[in-house]
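Undergrad: Before we start, here is the structure in question, set down as structure tokens.
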Amino acid sequence: MEYRLLSYIIDENSPFYIGTTKPVIAPNKQISSGSSYNTYIITIENHCGTHVDAPAHFIPTGRRISDYNLEEFTFNHPLILDCPQDPGEIITVDDLSEVPMEGVDCLFLRTGFGKYREGDVDIYLSQNPGISPDAIGWLRKNFKSIRCLGMDSISISSFGNEKLGIKTHLAAFNADKGLGKPLLLVEDLKLDNISQKDAVKSIIILPWQIGLIDSAPCTVLAVL
Ligand SMILES: [Zn+2]
């Protein structure tokens, strides 16, 4: 068994969604300053770095990330789907409709946009591909086994298309009857760490265990 990390490490250079807070990792008690031990104060918006959105992100009565149990973050029928996108493009039903997804519980869309995270962070942040609300509704209606959707983009909302982005999140989180359960959404995934040749047996998502917050930074493991 081999584990592959599909999440980024958070540091002070981590890209963050425009309009949110820059991460700060500040030394507090330091041996070099006469203390007998080292500590740090970490100031990070909960949607910074690879993170998992739960319904409470957009729906006040929705579940918070700390309401979920570990089984709900374990996926034994994952699919990592290549879905190449140009800057600013929106993934639609047409991009997904031919793909066999029967029984899939976790769908990660690899747009190839991860290359801009290092290469051109302005493009990564301001021209990221998104997903259409219709595509999410279609997935939830036709593949009720899907509990988690993720992509290698700073958000599933295309930046600069805020209205559509809100609809996209609501399409994932609403509790409409006739659809599968509200989805967990993973954003800023590191998917260039894995190829189609790798047989991914399962995906494990480990969000920070913090009370109150709607969503949380997370570690994502692929088990090969
Ligand atoms: Zn988020």
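Per my numbering, residue 3 is the first one in the sequence shown, and the count goes up by one each step. No residue lacks a Cβ here, since even glycine has one placed at the ideal position from N, Cα and C.
1. Taking only the alpha-carbon atoms, compute the straight-line gap between Val101 and Lys146 and give it to the nearest angstrom.
2. Beta carbon of Asp84: closer than 7 Å to some heavy atom of ligand 1?
3. Would the beta-carbon of His79 be found less than 7 Å away from any heavy atom of ligand 1?
4. Taking 8 Å as the threshold, find out whether the segment 69 to 81 comes into contact with the segment 147 to 157 through three or more Cβ pairs.
5. Under 8 Å by Cβ, that's how I've got Ile93 and Asp216 pegged, so tell me the actual separation to the nearest angstrom.
6. Using only the heavy atoms of ligand 1, determine whether one of them is closer than 7 Å to the beta carbon of Asp178.
7. By the 10 Å Cβ neighbour count, where 16 or more other Cβ atoms means buried, how is Asp97 classified, buried or exposed?
8. Between the Cα of Asp190 and those of Asp154, Tyr70 and Pro25, spot the shortest distance and give me the residue it belongs to.
9. Kindly list the residues whose CB is nearer than 8 Å to the CB of Asp136, restricted to its own chain and excluding five residues on each side of it in sequence; keep chain order.
TA: So, to answer that:
1. Spanning the two alpha carbons is a distance of roughly 15 Å.
2. Here the distance from the Cβ of Asp84 to the nearest heavy atom of ligand 1 is not below 7 Å.
3. Checking the Cβ of His79 against ligand 1 gives no.
4. Yes: at least three Cβ pairs fall under 8 Å.
5. Wrong, their Cβ atoms sit about 24 Å apart, outside the cutoff.
6. Asp178: no, Cβ never under 7 Å from ligand 1.
7. Classification of Asp97: buried, given that the 10 Å Cβ count is 16 or more.
8. Among Asp154, Tyr70 and Pro25, the Cα nearest to that of Asp190 belongs to Asp154.
9. Taking C-beta separations shorter than 8 Å and ignoring five residues to either side along the sequence, the partners of Asp136 in its chain run Thr94, Val95 and Ala173, following chain order.
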